[in-house]
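The sequence shown runs 1 to 294 under UniProt numbering.
The C-beta atom is built at its ideal place from N, Cα and C for all residues, glycine as well.
Quick caveat, the model's predicted, so the values are computed rather than measured.
Report on one structure; see the data block that follows.
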Amino acid sequence: MEIREGYMPFKEYKTYYRIVGKKTGKKKPLVLLHGGPGSTHNYFEVLDRLAEEDGRELVMYDQIGCGESYVENRPDLWTAKTWIEELAALREHLGLDEMHLLGQSWGGMLLLDYVCNHKPAGLKSLILSSTLPASWMWGVEQHRMIKELPQEMQDAIEKATTSGDYSDPVYAAAETEYMLRHAAGAVTDDSPECLRRPVQKGGEAYVTGWGPNEFTPMGTLKDYDVTEQLKDIKEPSLVINGGNDLCTPYIAKYMYDRIPNSRWELFQFCRHMCFVEDNDRYVELMKEWLNAND
């Protein structure tokens, strides 16, 4: 399986990209937008098999601020405008005139902002994987699920959120438990290599863009809200989430109900990374969806 890597000049920095497989027939590339902000492309490598099994090119990249595109001490960069400009520049740089676009978590926010507010051409379909149409909605749902934690942990989260002091070990334990339940399990020796590999996370990008944790959106993305524009999305859209996901079934159904040409697939026993936790089903779903919408 052919893998090509490269860098695109972006602002005064550079954006790393990774292209897997080759185009066959009329199959359009699938471009993947990772979460965070400040995570990396790495976890998407569990989908490399899709390129080989479906004869389709996959394009993934590290958004500016993390991974091989790491930048620090530039809090002015961590805005939706920067990441939208980067996506548009990458499309031009790689000649991605027609493509499918998948966004997971924050990557889905980026996708929806791009589609709803910039009206790009050439998108064959959208995959909204464990994502959200509004920051306020995410915050509300996270706080609802916090109530499922032991009372001591609930109290620690409330205290930290109110005071802005996140240094209490009880708070740290509560956040860890919450993310274990709804985001992902611990990385072990049995985890895929791409999850075990050391990466440069973009902590500054995350805190500046989103906030101190998943339940407190207070960064530059705090006012993100495309709920009113969902009805105007023209592209076929596949909504995916897990039954124990940070993206709750309520959030997924909210998008499904409002995007005209949409389909919703619930991975009942998955958390925030369905493509990792039920890789076989996810890959088969991608094959079906992408080939139906090429």
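According to DSSP, which residues form a beta bridge with residue i?
i: lysine 159; result: None, per the DSSP bridge assignment.
i: glutamate 265; result: Ile240
i: arginine 18; result: Glu5, Met60
i: alanine 134; result: Asp225
i: valine 31; result: Val59, Leu101
i: tyrosine 13; result: Phe10
Rounded to whole angstroms, what is the Cα-Cα separation between residue i and residue j?
i: serine 237; j: lysine 124; result: 9 Å
i: glutamine 151; j: threonine 161; result: 15 Å
i: aspartate 113; j: glycine 139; result: 18 Å
i: valine 283; j: glycine 219; result: 34 Å
i: arginine 197; j: threonine 40; result: 11 Å
i: glutamate 175; j: methionine 137; result: 19 Å
i: histidine 182; j: methionine 109; result: 18 Å
i: phenylalanine 215; j: valine 239; result: 22 Å
i: leucine 180; j: leucine 149; result: 12 Å
i: glycine 55; j: lysine 26; result: 10 Å
i: valine 20; j: glycine 164; result: 43 Å
i: valine 31; j: leucine 58; result: 6 Å
Span of the beta strand (DSSP E) holding residue i?
i: glycine 103; result: 99-104
i: leucine 126; result: 123-129
i: leucine 246; result: Leucine 246 -> no beta strand (DSSP E), and no H or E assigned at all.
Could you spell out where the alpha helix (DSSP H) holding residue i opens and where it closes?
i: lysine 287; result: 279-293
i: valine 170; result: 169-182
i: leucine 195; result: 193-196
i: threonine 208; result: 203-209
Quick check on DSSP: helix, strand or coil for residue i?
i: isoleucine 84; result: helix
i: phenylalanine 44; result: helix
i: proline 120; result: coil
i: tyrosine 256; result: helix
i: arginine 74; result: coil
i: cysteine 270; result: coil
i: phenylalanine 215; result: coil
i: residue 346; result: Since the first residue of the chain shown is 1 and the last is 294, residue 346 is not available in this structure.
How would you label residue i, buried or exposed, when you count the other beta carbons within 10 angstroms and need 16 or more for buried?
i: proline 260; result: exposed
i: alanine 172; result: exposed
i: aspartate 257; result: exposed
i: tyrosine 43; result: buried
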